[in-house]
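Data block below; observations after.
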Amino acid sequence: MTFEEALKYLEGFTNYELLMRTPYESAYKLQRMQELCSLVGHPEQGLTSVHIGGTKGKGSVAAMTESILRAAGFKTGLYISPHLVSMRERILICGRPIPAEHFGRLMGIVRDALKSREVNPRHGAYTFFELVTLAAFLAFREEQVDVAVLEVGLGGRLDATNVVSPLAVGLVPVSFDHASILGVTLEQIAREKCGIVKKRTPVISGVQTDSVMSLIDDTARERGCPVLAVERDIHVERKGWDLGGERFSCEGPWPARYEDMEVALLGAHQVRNAAIAIGLIEVLKSRGLDISLDAVRVGLKAVSWPGRLEVVETKPFVVLDGAQNVDSAQALVQAVKDHFCYRRLILILGMSQDKDLVGVGKTLAPLADEVIFTESGHPRAASADFLKGVMGGFFKSGRTVSNCEEALEAARRAADPEDFILVTGSLYLIGRIRKLLKPAEELEDVSLSR
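So that you can map any letter, position 180 of the sequence shown is 179 in numbering that gives the first Met the number 0, and since no number is skipped, the others follow by simple counting.
Structure below.
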């Protein structure tokens with residue numbers, strides 16, 4: 000099967016990333032994934048892994064953790080979602096996207112395995128995400144990775160990635176997102192996120208609300224898991240910052256002292272994410288992995304995470320960030336204030352219909368001198384006119400340009416060299432804009448390290 004044939008094949012399966020609602024209550028979802036894995040010899044069972052869930056910063060923590068492990072000399076696998084430009088970005092070996100022909104061949108194995116087994120009517124039909132997750136497990140087994148870092152797709156308890164038995168679990172800050180699917184209260188959402196906590200598996204938590212932290216502690220206690228939380232048990236201090244990243248120190252209940260560290264991602268929130276990654280590394284060290292302080296230093300300084308406060312042009316600045324809820328928008332606003340000097344800020348904003356449009360609009364409005372509402376072309380995207388109707392009143396000046404390529408050109412025409420163009424609201428929008436701005440050869444050779 001070629002790469003193009005694999006993509007066409009996947010189109011025949013339900014992709015809940017494209018739909019407004021997901022039937023998340025199925026009691027058989029993990030059984031279905033386990034059955035799927037059984038068709039190809041359970042590649043997940045021999046996997047040494049780190050599992051990362053939560054809401055804000057899963058991908059950043061996953062990228063940092065993988066980068067450190069690679070700097071320590073381990074052969075790594077990384078599984079993330081969604082992708083920005085190419086499906087290949089979801090499965091990475093040693094920081095590099097899986098080759099197109101390799102992905103196609105793996106999907107051919109998956110297709111042939113499915114032909115050998117009828118769908119269990121009690122479990123329902125397999126999904127796009129389950130098949131891609133299985134391809135990742137197969138890739139990691141074939142490549143004989145030393146450690147795989149897995150980012151949860153949605154929720155946690157019933158996510159397709161939750162068939163692994165990890166050495167460590169990371170829970171980034173839990174906030175309101177996918178509320179129509181995971182629950183209407185923060186505690187309901189957190190309960191789903193805590194579903195990845197396995198018996199006697201150490202947990203590293205980001206900064207949480209009191210109620211969420213209590214739920215994490217209770218879950219861990221029931222399952223015999225030690226828990227360390229940033230701020231409560233792991234102390235991190237931001238020391239300085241520039242366009243190259245953040246400087247910080249971090250200490251916890253371990254002998255190593257992480258002084259004068261640098262992480263090559265922008266924003267105070269990335270310092271807290273780095274503390275989670277360091278906590279996960281300390282767990283792995285306690286489980287026998289040889290990871291030096293220098294490897295942590297090199298890995299954090301080398302990490303790259305496209306589409307998250309990513310500077311793609313200067314004079315004027317063009318910056319891409321995938322903030323899509325209130326908490327991530329607040330972090331974005333603070334990071335822009337900390338890191339950039341500019342005359343005017345032109346905001347290009349596109350969001351999905353199921354997000355907190357009012358909350359995000361109110362958060363971003365004080366930052367923007369002008370907003371251009373646009374659309375990513377994604378099936379869940381709100382129309383530019385709808386966004387303006389809901390959010391336009393919060394901004395000083397706003398207009399609609401439905402086509403995101405034309406929106407970018409409109410912003411460029413309006414911007415002087417000392418201005419700032421910020422594209423945000425949706426990873427799908429970021430992916431579309433990034434594809435326009437990045438040369439094709441760079442996209443083909445994209446890597447998560449510098």
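Quick reminder that beta carbons are idealized off the backbone N, C-alpha and C, glycines included. Just so we're clear, the structure is a prediction, and the values are computed from it rather than from any experiment.
Starting from the N-terminal side, write out each stretch of the alpha helix (DSSP H) that is 4 residues or longer and does not extend beyond the region 206–238. Here the runs fully enclosed are 209–221.
Tell me which same chain residues have a C-beta within less than 7 angstroms of the C-beta of L35, skipping the five on either side of it? Sequence-distant partners of L35 (beyond 5 residues in either direction) whose C-beta falls short of 7 angstroms from its own C-beta, in its chain, are Y125, E129, L133.
Could you pull the DSSP bridge partners for R89 from this structure? Partner(s): none; R89 has no beta bridge.
Looking at the structure shown, is V39 part of a helix, part of a strand, or coil, going by DSSP? In this structure, DSSP gives V39 a state outside helix and strand, which the three-state scheme calls coil.
Closest by CA to T1, which one among K57, L105, A330? Ranking K57, L105, A330 by CA distance to the CA of T1 puts L105 first.
For L17 and A380, what's the separation of their Cα atoms in angstroms? Using only the alpha carbons, I get a separation of about 9 angstroms.
Here's a check: name, in chain order, each residue in its chain whose Cβ is nearer than 7 angstroms to the Cβ of R342, leaving out the five neighbours to either side. Counting only Cβ-Cβ distances below 7 angstroms, and skipping sequence neighbours, we find D415, E417, D418.
The alpha helix (DSSP H) that contains L288, what's its start and end? Segment: none, L288 is in no alpha helix (DSSP H) and carries neither H nor E.
My guess is that R231 and G239 are in contact by the Cβ rule of under 8 angstroms, so how many angstroms apart are they, rounded? Actually they are not in contact, since the Cβ atoms of R231 and G239 sit about 24 angstroms apart, beyond 8 angstroms.
Work out the CA separation of H338 and L279 for me, nearest whole Å. In this structure, the alpha-carbon of L279 lies about 28 angstroms from that of H338.
Since I believe V163 is in contact with H50 (beta carbons under 8 angstroms), could you give me their beta-carbon distance rounded to a whole number of angstroms? The beta-carbon distance between H50 and V163, rounded to whole angstroms, is 6 angstroms. This is short enough to meet the 8 angstroms contact definition.
Quick one: what's got a C-beta closer than 7 angstroms to F12's C-beta in the same chain, skipping five residues either side? Contacts found: Y125, T126, F127, L130.
According to DSSP, is R431 helix, strand or coil? DSSP places R431 in the helix class (H, G or I) of the three-state scheme.
Where does the unbroken alpha helix (DSSP H) through M63 begin, and where does it stop? Here the alpha helix (DSSP H) through M63 covers 57–70.
Out of P96, G321, D158, E404, which has the shortest C-alpha to C-alpha gap to V359? It is G321.
Where the alpha helix (DSSP H) containing T373 begins and where it ends: Judged by DSSP secondary structure, T373 falls outside any alpha helix (DSSP H) and instead within the beta strand (DSSP E) spanning 369–374.
Should K387 go down as buried or exposed, given a rule of 16 or more other Cβ atoms within 10 Å for buried? A residue is called buried when at least 16 other Cβ atoms come within 10 angstroms of its Cβ; K387 meets this threshold and is buried.
Tell me whether the beta-carbon of A328 lies closer than 8 angstroms to the beta-carbon of L363. L363 is positioned such that its CB atom lies closer than 8 angstroms to that of A328.
D158 burial status per 10 Å Cβ neighbour count (16 or more: buried): Flag for D158 reads buried.
At the level of alpha carbons, what is the spacing between E258 and R271? Between E258 and R271, the alpha-carbon positions lie close to 15 angstroms from each other.
Grab me the residues of E309's own chain with a C-beta within less than 6 angstroms of its C-beta, minus the 5 sequence neighbours each way, in chain order. Residues L319 of the same chain have their beta carbon placed closer than 6 angstroms to that of E309, with the five preceding and five following residues left out of the count.
Using C-beta distances below 6 angstroms, list every residue in its chain close to Y427, excluding the 5 sequence neighbours before and after it, in chain order. Excluding positions up to five away in sequence, the list reads S375, H377.
Around the Cβ of S351, are there at least 16 other Cβ atoms within 10 angstroms (buried) or fewer (exposed)? Around the beta carbon of S351, 16 or more other beta carbons sit within 10 angstroms, so the residue counts as buried.
Counted within 10 angstroms of its Cβ, other Cβ atoms place P305 as buried (16 or more) or exposed: Looking at its Cβ environment, which holds 16 or more other Cβ atoms inside 10 Å, P305 is buried.
Run through DSSP, which three-state label would H50 get? Note: H50 maps to strand in three-state DSSP.
As a quick exercise: from K55, S303, S115, K284, pick the residue whose alpha carbon is nearest that of A71. The candidate whose alpha carbon is nearest that of A71 is K284.
Determine the direct distance from the alpha carbon of L344 to that of I432, and round the result to whole angstroms. When the Cα atoms are used, I432 and L344 turn out to be separated by approximately 17 angstroms.
Which residues does DSSP pair with M458 in a beta bridge? Residue 458 lies beyond the range of the chain shown here (0 to 449); nothing can be said about it.
Is DSSP giving G169 helix, strand or coil here? The answer is strand: DSSP assigns G169 an E or B state.
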